[in-house]
Each structure stands twice: as structure tokens, then as C-alpha cells.
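Residue numbers (our numbering), protein chains in the order written: chain Z, 1 to 219; chain R, 1001 to 1233; chain D, 2001 to 2253. What follows is a short report on a single structure.
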Amino acid sequence: MEQFTQEFLNLDVMAKVAPYLFQGLLQTLLLCSFLIPIGLVGGLLVMLLTTSPYRVLRWPAIVAVDFFRAFPPLVLLVFVYAGLPFIGLRVPALLAVAVAFLINSASYYGEIYRAGMVSVPKGQREAARSTGLSATQALLYVTLPQAVRNVLPDLLSNTVELIKLTTLASVISVPELLHSANLARSLTYNSSPLILAAIIYLILLLPVVRLIARLEHKL
Amino acid sequence: MTATDAMSNWDRFVFTFFNADIAMKYGWEILQGASVTILAGLAVVMTGIVVGFGLAALRAIGWKSLNFLIIVFVDIFRSLPPLAIILVLFFGFPAIGIVLPSLIVLWLSLGAVLAAFAEEIFWAGITSVPKGQWLAARSTGLTFAQTLRYVILPQAVRLGIPPLTNRAISITKNLALGSAIGVNEILGRANSALSMSANATPLTMGALLYVLVFIPLVIASRMLERNYRWGEH
Amino acid sequence: MSSTAATPASRYLLEARGVRKSFGPTEVLKGVDLLVEPGKLVFLIGPSGSGKSTLLRCCNRLEEPDSGSIIMDDVDLLSPRTDINAARRQIGMVFQSFNLYPHLTVQKNITLALRKVAGMSTADANARAAEMLALVGLPDKAASYPAQLSGGQQQRIGIARSLALDPKIILMDEPTSALDPELVGSVLAVVKDLRDRGITMVIASHEMNFAREAADKVVFLDGGLVIEQGSAEDIFLRPQEDRTRRFLAQIRH
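Here it is as C-alpha cells:
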């Protein structure tokens, strides 16, 4: 037991590495601050393509989405980061992260948006149009609000997954929280930095996870 | 890269990413990684779903103290990034005397994460079975356990299958993280072949192999989702 | 007949006295008596929220009354010594929303309790199910799923399911309220048939015409209390209480 506390709950080590981890946390938050918006927007684009009435757009889009849903994000990241230089493209690690995660999250967000659109009964749009609303107005004021409300737990859940995904960036040495913690672990020969990072992730994400659970049950 | 300078862009691309010679040389090794990935994946999926189901069924009984523990476990493992869990088990446990092979670490970490998500999915299924089902079953004299087993759980499981397949797929993709702790799965082998051959073809092979493994599951889940929706109406 | 908490014989099959039930701050039943003789059809009428559903649910302990006594066939249902699961075999219940098990065939819906509670063999249970289905006029639906049947058919299956256990009494909670008007008749025909066979029933319902034809006793419940009770003729033609008259007037329009 004594050994356990020494290794995992060593307050001295935690205090020493805390500022370093804090920087890592800021890096993580910075990453999320652009990954989440571009993922959300990318997903919207994907959804428009996969629900397009034009087969020539729809089918390739669906194939691409399924392809990228089957592609582990880490493999995609390594492919972009380590593979592209072979044909002469210098890819800064951060850009690799952005591209790989954009492709991954856009596929997932796209599917969630699509499920949301499908979940609103056709009768809603018919009712809206029959009262004179234009197609765009019906979409904006009737369909979208209901669609978003129906898939809000999934949207939040996928965003949490995206935040967790940032830890993969540590594998290609992009600075973020887990990367800092892992480095601190190897420098201090102690696992407490990892536990501290875990605690920080919990503080960051547990409230959202609880919120998602509550929303899911209300529906 | 003198060998490629003389080639056209397309040839250079093919030489780098789709090099047949390299593919032949390293292909078998990388393919062996696939068996590790698939076996590990099956292990994670089976233990995760069974444990998650068991936790949800226990939660249905309603013992407050047990439920508290279940909820704590589920919340923690749904919130932590899988890589963090893997690193803690891999680096931390040996320091307190528990040495586990990398594959076991991978299985335990991802299994726990899937169990947590599976519990929530099954629990959502159980609570969304209409209360009238409980009333009807109990009114014919079925006990609590019988009602749970023959009436509620079958319906909860049916409700849970679509979200569960999606979740299982996304969690098992994390098997690629095994490469970070030395598990000889697809990515790990592709990486070593990459550095040995100074060519990106192993990476292409690894990526395609992963996609090959997961695409059937993704398509199956898409079809399940369609059936599920029809079943509702 | 299986419980250990027996009481002296009475002329009533169901004897509920002084039943009180609150849900949080709201008191839904404020001391209700319900006395049902064997072979009789008792109708519970009253506005929504009057406590009819709650009263029925207390009678098979799907709701626990806060106080009062409920004695079914000389067995004290509220006693902790009573095996409530065994007791429930003697009490059938039919629900407004049918509550058929969607994942089981009609036959399995009916035989589930027969096999698991009454311990019947599958062959015996299936035979009994076939009997019940014939009784409610749906002999060829054994292999269908609830979703494939109309509302009226589903409710008749619900009745078959509760009948299969050979209960002493059947409680029906608004059995026709969720049905389209055309389908109500088929369910009421089954109820009338059961009544002619001498099966004791308590029905909470708005079907006034049916009550007038078939009920032996009508109980008017309002605000958690029995306001008035008597024969169908007495209540519908000669209501004594003001509230009864007002309720009947509302229903007629």
C-alpha cells in the first residue's frame, strides 16, 4: 500500500510537475479550440454530401465516410505525419494532427448530423411549408432545432471523444497534457504525473459525461 | 532521394506508397500483426460487452451502495482517454510489482473502457423499456428476477445493439495504440518495417489492413441502424 | 389458494377497506372501500385523477397502499407473510395500453407466466393458450407478434393472457380507452362473454352504455373518495349526489 501511494499518489512529485502539466493542459485546450470547430463544420459538409439528392455526390461521400470510420485515427495520423514526407511534403506535426483529426471527426460528426436530420419526421417540414415558410426557413426554424435537440447527447459525446483524441498527438510528440505527463514520468521515474494528468482529464470531462448521461435519460 | 528524382510524380507516389517489392518483403510480417489485432479485438469486445451487461443487470437490482460503485467506475472509464489508462497500467504497475505483458495491458484498458460504455448503453435500454412491461409481467405473478430475465433484458438488449456496435468499433480502433507500448499489432509492425525499409509502403499496407478489418463491421453497423429504425415503426 | 396469511371467510371475493395512497404530497386515495362479490361485474367510474387506476393497482399490490386492508379470497394481500407472486396468479390485470411483450409471439406472451410461475410444461401451456385464444376469438394468431395486430386484437390478447392463469378475479384499467371506436365493441363482447361465464371483474372505464347493460354494481369515485355506489340503474337513473349528477351530465355530452 505504501508502495502504491509512493508510485501513484506522490504529492511531492505532483507538486513539482504541476506547472509543467499545466502548460500541457493549455496546449490541449488550444488544440481543442480549433479541432472542435473545424470538426463541427467539416461534419456539416459531410452531412450535406451524404444526404445530397445527387447520387454522384452521395455515393462517393458515403463510401468515404465508411472508409474513414474504419480507419483508426492513430494510423491515419501516422500515415499523414510519417508517410507524406516520403513524397517530399514536409508536414509539421500540428498540421498532421489537424488534418487527420479533421478527417476522422468530420466523418463521425457527419453521421450524427445525418441521424439528427432523419430523426425529424417528414411531417414537420410539410407542416412548416404548408404555412408558407420557405425551404430554408423550414430548415432553420423547424427541422434543425429538433434535429440538434435529438442528437445533442451524441454531439456532446463525440466532442468528448475528440478531446480524448488529442492524447494521440503525444505519439508524434505534439505537446499536450498527456505528452507532458508522460515526459514528466520518464524524468521523475514516478507515475504520479500520469495520475495527475488523469485527474485533470476527469475534472475536465467527467461533468460533461454526466451531463450526457442525464440528457440521454431525459429523452 | 536520388532514386526517385528521375521519376514522374505519379511514379514517385506509387514507388513510395505502393511499392510491390517492399510489400512482398514485409507483407507477411505485417499480416501477422493483423492476427494479433483481430484476436485482441475479439477479446476486448467480448469481455467489454459481457462485463458491461453484467454491470447493467446488477444496477437494475437497485442496491444503492453497489450502484454507487458501478456509476463511479463507469464515469471514470468513460471520461479518461484510453491512452492515459494504457500508460498508467504499463508504466505504473511494474513499479508496484505487477508486471503485465503489453497485450494484457491493452486488453484490460480497452476492455474496461468498453465495459463502461456498454453498461451505460444497456442501462439506457433497460430504463427505456416502458413501465407497463414491468406492470404486466409482475401482475401475472412473475418475480422481479423473472421479469428482468424474460421481459425486460431481451428488450433492452435489442434496443442497445446499434449504439453498442458503433461504440465497440470506435473503442477497438484504439488497438493501434498498442504500438506505443510494444504490442506487435498491425501498426507496430508497419512502423518497424517503415524504418527498416525507408519506404512508406508498409504504412499503406498497415492502413489498408486496418480498414479491411474494420470495414465489414462499419457496414454491418450501418445496416443494423437501418433495420433498427424500421423495427421502431 | 396458496398463501399463509388467511382470514375468516367472507361473502366478498375482494374486500378493500379504508385504502389510502399518496404520491409525494398528493393524496390520491383518501380512504376507499371496495367490496366485490363473487361472479359480479363492478364498474368504477369517475373523472381522470379520481384514483380509479391507483385503486386497481393497489388491489394486486402493484402499488403499495399507505394504509387500509385488501383481502382477496380470504387472503390478506398486504401482510408481509403473503407470497405476493403466488397471490397475483389469482388476480388478472388488463391495461389501457395493453402492455403486451413486443419481443414475444402472442403464444409466448400468454404462456410465459404459465411456464415460469405456474410451472406448466410447454405442451400444457401451449394448449391452454390455444383455449384462451379461442375464447377471445383469435384462434389463429398464436404465431403473430403484437405489432402485427390491431389495437382491439392486442387488448383481447391482453385479456387472454390474464385469463390463462385461471384467476379468481380480473381487474381492468380502462381497457377500451386507447382503442378506436370501431374496435371497442370486440373487446366489450369478450368482457360480456366472461361475465356470462361467471368470472368476477372490476372494470375502471368510461363506457357508460356498457356499464348500464352489464354492470352489477357501479362505484363512482371522485377526488380519492367513493361518492356513491349502487346498481347500474340506481346510479345512472337516480343519482343521489350532486357530484354524481354533474359527472354524468358531463359524460353524456
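Even glycine gets a Cβ: it sits at the ideal position worked out from N, Cα and C. All of these numbers come straight from a predicted model, not from anything done at the bench.
Give every residue of the same chain whose Cβ lies closer than 6 Å to the Cβ of Q1133 (chain R), excluding the five residues on either side of it in the sequence, and list them in chain order. Contacts found: V1151.
Quick one: what does DSSP say R55 (chain Z) is sitting in, helix, strand or coil? Three-state DSSP puts R55 (chain Z) in a helix.
Please confirm if G1125 (chain R) has its CB atom under 9 Å from at least one CB of chain D. Against chain D, the CB of G1125 (chain R) has no partner CB under 9 Å away; the residue lies outside that interface.
Would N190 (chain Z) count as contacting chain R if we go by Cβ distances under 9 Å? Closer than 9 Å: yes.
CB-CB under 7 Å to Q2250 (chain D), same chain, minus the five flanking residues each way: which ones, in chain order? Excluding sequence neighbours, Q2250 (chain D) sits near nothing in its chain.
Where V13 (chain Z) and Q6 (chain Z) are concerned, what is the direct C-alpha to C-alpha distance, given to the nearest angstrom? In a straight line, the C-alpha of V13 (chain Z) is about 9 Å away from that of Q6 (chain Z).
From what residue to what residue does the alpha helix (DSSP H) around Q2153 (chain D) run? Taken as a continuous stretch (DSSP letters only), the alpha helix (DSSP H) holding Q2153 (chain D) covers G2151 to L2163.
CB-CB under 6 Å to V1051 (chain R), same chain, minus the five flanking residues each way: which ones, in chain order? Around V1051 (chain R): A1115.
Roughly how many whole angstroms lie between the Cα atoms of A64 (chain Z) and L2055 (chain D)? Pairing A64 (chain Z) with L2055 (chain D), the inter-Cα distance amounts to about 59 Å.
Is it buried or exposed, G1097 (chain R), if we count other Cβ atoms within 10 angstroms and call 16 or more buried? In summary, G1097 (chain R) is exposed, with fewer than 16 beta-carbon neighbours lying within 10 Å of its beta-carbon over all protein chains present.
Closest to T1165 (chain R) by CA distance: which of R:A1040, R:M1046, R:A1034 and R:A1207 is it? If we check each option's Cα against that of T1165 (chain R), R:M1046 comes out closest.
Do L49 (chain Z) and L57 (chain Z) have their beta-carbon atoms positioned less than 9 Å apart in this structure? Result yes, Cβ atoms of L57 (chain Z) and L49 (chain Z) sit closer than 9 Å.
Closer than 8 Å between beta carbons: that is the criterion. Which residues of the stretch 1013-1024 of chain R meet it against chain Z? Flagged, chain order: F1013, T1016 and F1017.
Looking at the structure shown, is D2222 (chain D) part of a helix, part of a strand, or coil, going by DSSP? Secondary structure of D2222 (chain D) (DSSP, three-state): strand.
In angstroms, rounded to a whole number, what distance separates the CA positions of P153 (chain Z) and T1140 (chain R)? C-alpha separation (whole angstroms): 37 Å.
Three-state secondary structure (DSSP) of F2236 (chain D): Helix, per DSSP.
Alpha-carbon spacing of T2244 (chain D) relative to A1060 (chain R), whole angstroms: Cα atoms of T2244 (chain D) and A1060 (chain R): separation of roughly 44 Å, rounded to the nearest angstrom.
Against Y1026 (chain R), what residues of chain Z qualify as contacts under a CB-to-CB distance less than 9 Å, listed in chain order? At a C-beta separation below 9 Å, Y1026 (chain R) has no neighbours in chain Z, since its nearest C-beta there lies roughly 15 Å away.
Determine which residues of the stretch 2017-2030 of chain D have a Cβ less than 9 Å from any Cβ of chain R, and write them out in chain order. Listed by position, the residues of the stretch 2017-2030 of chain D near chain R (Cβ gap below 9 Å) amount to none.
Taking the beta carbon of E2015 (chain D) as the centre, do at least 16 other beta carbons fall within 10 Å, making it buried, or is it exposed? Per the 10 Å Cβ criterion, buried.
Top-ranked residue by Cα proximity to P2139 (chain D), from D:T2122, D:I2110 and D:L2165: Ranking D:T2122, D:I2110 and D:L2165 by Cα distance to P2139 (chain D) puts D:I2110 first.
At a CB-CB cut-off below 9 Å, which residues of chain D make contact with P1154 (chain R)? Proximity of chain D to P1154 (chain R) at the Cβ level (cut-off 9 Å) is accounted for by Y2101, H2103 and L2104, in chain order.
Let me see if you follow: with CB-CB separation under 9 Å, is V151 (chain Z) close to chain R or not? False, the Cβ-Cβ gap to chain R never drops below 9 Å.
Cβ of M1196 (chain R) within 8 Å of any heavy atom in the ligand ATP? In the structure shown, the ligand ATP is absent, as is every other ligand, since no ligand is present at all.
Give me the Cα-Cα distance between T2082 (chain D) and D2076 (chain D), rounded to the nearest whole angstrom. Spanning the alpha carbons of T2082 (chain D) and D2076 (chain D) requires a straight line of approximately 7 Å.
Could you check where the beta strand (DSSP E) with E2027 (chain D) kicks off and where it finishes? T2026 to V2036 is the extent of the beta strand (DSSP E) around E2027 (chain D).
Beta-carbon proximity list for R1229 (chain R), same chain, < 8 Å, skipping 5 on both sides: Below a pLDDT of 50, predicted positions are generally treated as unreliable, and R1229 (chain R), at 48, falls in that range; the measurement from the model is reported next regardless. There are no such residues.
Output the boundary residues of the alpha helix (DSSP H) element that contains D2196 (chain D). Element bounds for D2196 (chain D): P2181 to D2196.
Have a look at D:R2017, D:M2172, D:Q2096 and D:I2170 and flag the residue whose alpha-carbon is nearest the alpha-carbon of G2068 (chain D). Of the listed residues, the one whose Cα sits closest to G2068 (chain D) is D:R2017.
Close beta carbons around L1142 (chain R), own chain, < 8 Å, minus the five adjacent residues each side: Hits under 8 Å: Y1150 and V1151.
Specify the secondary structure class of G1132 (chain R) as computed by DSSP and reduced to three states. Helix.
Can you confirm whether P1130 (chain R), when its beta carbon is compared against all beta carbons of chain Z, has any partner nearer than 9 Å? Among the residues facing chain Z, P1130 (chain R) is not included, as its CB has no counterpart in that chain under 9 Å away.
Enumerate in chain order the residues of its own chain whose CB-to-CB distance from S2003 (chain D) is below 7 Å, with the five nearest sequence positions on each side excluded. Unreliable placement is indicated for S2003 (chain D), whose pLDDT of 47 sits below 50; no coordinate value is reported for it.
Looking at chain Z, which residues of the stretch 1203-1221 of chain R have a Cβ within less than 7 Å of any of its Cβ atoms? Here the close residues are L1203, G1206, A1207, Y1210, V1211, F1214, I1215, V1218 and I1219.
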